[in-house]
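Asks: Anchor point for the sequence shown: position 54 equals 470 in our numbering, and the numbering is continuous, going up by one each time. Built from N, CA and C at the ideal position, the CB exists for glycine as well. Mind having a look at this structure? Questions to follow.
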Amino acid sequence: MLVLRVRCVDDGREILLERHGADAHHVQVAELKFLILQQRRSFSRPGDVTIQSDPQPSDLEECFVLLGGQILADPDVVDLNALRSSDFFVFAPDVPQSAVSSSSSNEIQRSDADPAMLQVLRSQLVDMGFLKKLATQALRQSGNNLSDAVALLTEGKVDGLPSGNESMDSEEKESGLAMPHPSIAPLGSLVHDTNVLKLRELAARDSFQALLLLREQFSSDVLNQLNENPVATLRLLSLPAPEVEGVIDVDSDNYPVETSGDSDTAIDRDVDFVELNDIYISRRC
Numbered sequence: 417m418l419v420l421r422v423r424c425v426d427d428g429r430e431i432l433l434e435r436h437g438a439d440a441h442h443v444q445v446a447e448l449k450f451l452i453l454q455q456r457r458s459f460s461r462p463g464d465v466t467i468q469s470d471p472q473p474s475d476l477e478e479c480f481v482l483l484g485g486q487i488l489a490d491p492d493v494v495d496l497n498a499l500r501s502s503d504f505f506v507f508a509p510d511v512p513q514s515a516v517s518s519s520s521s522n523e524i525q526r527s528d529a530d531p532a533m534l535q536v537l538r539s540q541l542v543d544m545g546f547l548k549k550l551a552t553q554a555l556r557q558s559g560n561n562l563s564d565a566v567a568l569l570t571e572g573k574v575d576g577l578p579s580g581n582e583s584m585d586s587e588e589k590e591s592g593l594a595m596p597h598p599s600i601a602p603l604g605s606l607v608h609d610t611n612v613l614k615l616r617e618l619a620a621r622d623s624f625q626a627l628l629l630l631r632e633q634f635s636s637d638v639l640n641q642l643n644e645n646p647v648a649t650l651r652l653l654s655l656p657a658p659e660v661e662g663v664i665d666v667d668s669d670n671y672p673v674e675t676s677g678d679s680d681t682a683i684d685r686d687v688d689f690v691e692l693n694d695i696y697i698s699r700r701c
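Written out as structure tokens, the structure is:
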């Protein structure tokens with residue numbers, strides 16, 4: 417049995433979903449939405465309207481689920497075995513933003529906001545996989561409304577952030593591309609790594625050369641970091657390939673080949689890494 421944690425941004429509830437049987441170790445996002453909506457309807461609070469019917473297909477279109485700061489599409493299939501114990505899904509209704517269009521209203525909400533509450537809201541967004549600076553700006557822009565802040569972040573509508581390198585703090589410098597792509601934040605320290613840049617370029621044109629580069633140029637620590645963060649790794653490699661000078665040509669006679677005793681272990685890790693696209697998230701057409 418597996419237990420999935422789901423945090424709801426609109427009411428603060430945390431739902432625990434149990435998975436049993438042969439299909440317990442993976443779930444399609446559309447099915448996950450159905451289970452979340454079904455569980456939410458079973459709750460009752462004073463004044464709540466009880467809905468007895470099961471969720472309808474139209475209901476699934478009025479909400480979204482995130483994992484690691486990234487919206488999951490309904491056809492996505494998530495391998496639950498790849499999740500860490502600290503990972504959780506985020507459920508958010510797709511509702512019109514309540515106050516983001518009224519700047520005067522937002523100013524009032526910001527001025528009256530409790531600093532401790534702001535810290536809690538920001539921490540919740542960071543826990544969901546968003547960077548702290550993005551989370552802070554989204555809360556300002558949404559009038560400290562958590563649901564609206566999530567909507568702004570997922571839709572890429574957070575504005576007013578510094579654009580120049582001179583105004584970026586250490587968090588943004590380290591994470592680089594992770595700012596507009598919060599799902600790769602766990603690998604922020606590797607974004608500008610020379611070998612990772614070469615890997616992205618090679619992966620876009622020749623997966624075999626990318627595999628050889630992994631085997632020969634990446635340390636065990638980096639391989640472990642990539643394998644421990646499969647979603648972030650896939651998102652990182654799916655970004656547009658960078659233009660890197662001096663990309664290694666594995667067909668060249670000058671290409672370094674190492675034959676250390678750990679080569680078998682590296683190959684095993686490489687195979688696991690290459691197969692992540694099939695193991696962790698697969699797209700159904």
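1. Since residue 417 and residue 440 are thought to touch, with beta carbons under 8 Å apart, how far apart are those beta carbons, to the nearest angstrom?
2. Taking the alpha carbon of residue 612 as the reference point, which residue from 638, 456, 510 and 624 has its own alpha carbon closest?
3. Looking at the unbroken beta strand (DSSP E) that takes in residue 459, where does it start and where does it end?
4. Between which two residues does the alpha helix (DSSP H) holding residue 472 run?
5. Return yes when the Cβ of residue 476 is within less than 8 Å of the Cβ of residue 482, no when it is not.
6. Restricting to Cα atoms, I'd like to know which of 615, 531, 635 and 571 is closest to residue 653.
7. Along the alpha helix (DSSP H) that carries residue 421, what are the first and last residues, could you check?
8. So, is residue 644 buried or exposed, given that buried needs 16 or more other C-beta atoms within 10 angstroms?
9. If I measure Cβ to Cβ from residue 624 and keep anything under 7 Å in the same chain, skipping five residues before and after, which residues do I get?
10. By the three-class DSSP mapping on this structure, what secondary structure does residue 580 have?
11. Decide if residue 445 is buried, meaning its Cβ has at least 16 other Cβ atoms within 10 Å, or exposed.
12. Could you give the first and the last residue of the continuous beta strand (DSSP E) run that contains residue 532?
13. First and last residue of the beta strand (DSSP E) that includes residue 495?
14. What are the residues that DSSP puts in a beta bridge with residue 651?
15. In three-state terms, what does DSSP make of residue 499?
16. Measuring alpha carbon to alpha carbon, tell me which of 538, 563 and 543 ends up nearest residue 551.
17. Residue 556 by DSSP, collapsed to three states: which one?
18. Assign residue 607 to one of three DSSP states: helix, strand, or coil.
19. For residue 427, count neighbouring Cβ atoms within 10 angstroms of its own Cβ and tell me buried if that reaches 16, exposed if not.
20. So what's residue 631 in DSSP terms, helix, strand or just coil?
21. When the Cα of residue 490 is compared with those of 421, 443 and 642, which residue comes out closest?
22. Could you check what DSSP says for residue 546 in three-state terms: helix, strand or coil?
23. Residue range of the alpha helix (DSSP H) that residue 440 falls in?
24. Can you tell me whether residue 361 is buried or exposed, with buried defined as 16 or more other CB within 10 angstroms of its CB?
25. Assuming residue 432 contacts residue 496 under a Cβ cut-off of 8 Å, what Cβ separation, rounded to an integer in Å, is found between them?
26. I'd like the span of the alpha helix (DSSP H) that includes residue 638, first residue to last.
27. How is the alpha helix (DSSP H) around residue 567 delimited, first residue to last?
28. Can you say whether residue 454 is buried or exposed, counting buried as having 16 or more other CB atoms within 10 angstroms of its CB?
Replies: With the given structure in hand:
1. Confirmed, Cβ separation roughly 7 Å.
2. Looking from the CA of residue 612, the closest CA among 638, 456, 510 and 624 belongs to 638.
3. It is not in any beta strand (DSSP E) - residue 459 carries neither H nor E in the DSSP assignment.
4. Counting along the chain, residue 472 falls outside any alpha helix (DSSP H), and DSSP gives it neither H nor E.
5. Contact flag unset, no.
6. The shortest C-alpha separation from residue 653 is found at 615.
7. For residue 421, no alpha helix (DSSP H) encloses it; the enclosing beta strand (DSSP E) starts and ends at 418-424.
8. Around the beta carbon of residue 644, fewer than 16 other beta carbons sit within 10 angstroms, so the residue counts as exposed.
9. Contacts found: none.
10. Residue confidence is low: residue 580 scores 41 on pLDDT, short of 50, so the model does not pin down where it sits. No coordinate-derived value is stated.
11. Result: buried.
12. DSSP places residue 532 outside any beta strand (DSSP E); the residue lies instead in the alpha helix (DSSP H), whose first and last residues are 531-543.
13. First-last of the beta strand (DSSP E) with residue 495: 493-495.
14. Beta-bridge partners assigned by DSSP to residue 651: none are found.
15. In this structure, residue 499 counts as coil in the three-state DSSP scheme.
16. The shortest C-alpha separation from residue 551 is found at 538.
17. In this structure, residue 556 counts as helix in the three-state DSSP scheme.
18. Of the three classes helix, strand and coil, the one that applies to residue 607 here is coil, per DSSP.
19. Exposed.
20. Of the three classes helix, strand and coil, the one that applies to residue 631 here is helix, per DSSP.
21. Answer by Cα proximity: 443.
22. Of the three classes helix, strand and coil, the one that applies to residue 546 here is coil, per DSSP.
23. Looking at the DSSP string, residue 440 is not in any alpha helix (DSSP H), and its letter there is neither H nor E.
24. The question about residue 361 has no answer here: the residues shown for the chain are numbered 417 through 701.
25. Not a contact, Cβ separation roughly 14 Å.
26. 636-644 is the extent of the alpha helix (DSSP H) around residue 638.
27. It spans 562-571 - the alpha helix (DSSP H) in which residue 567 sits, taken as one unbroken run.
28. That one is exposed.
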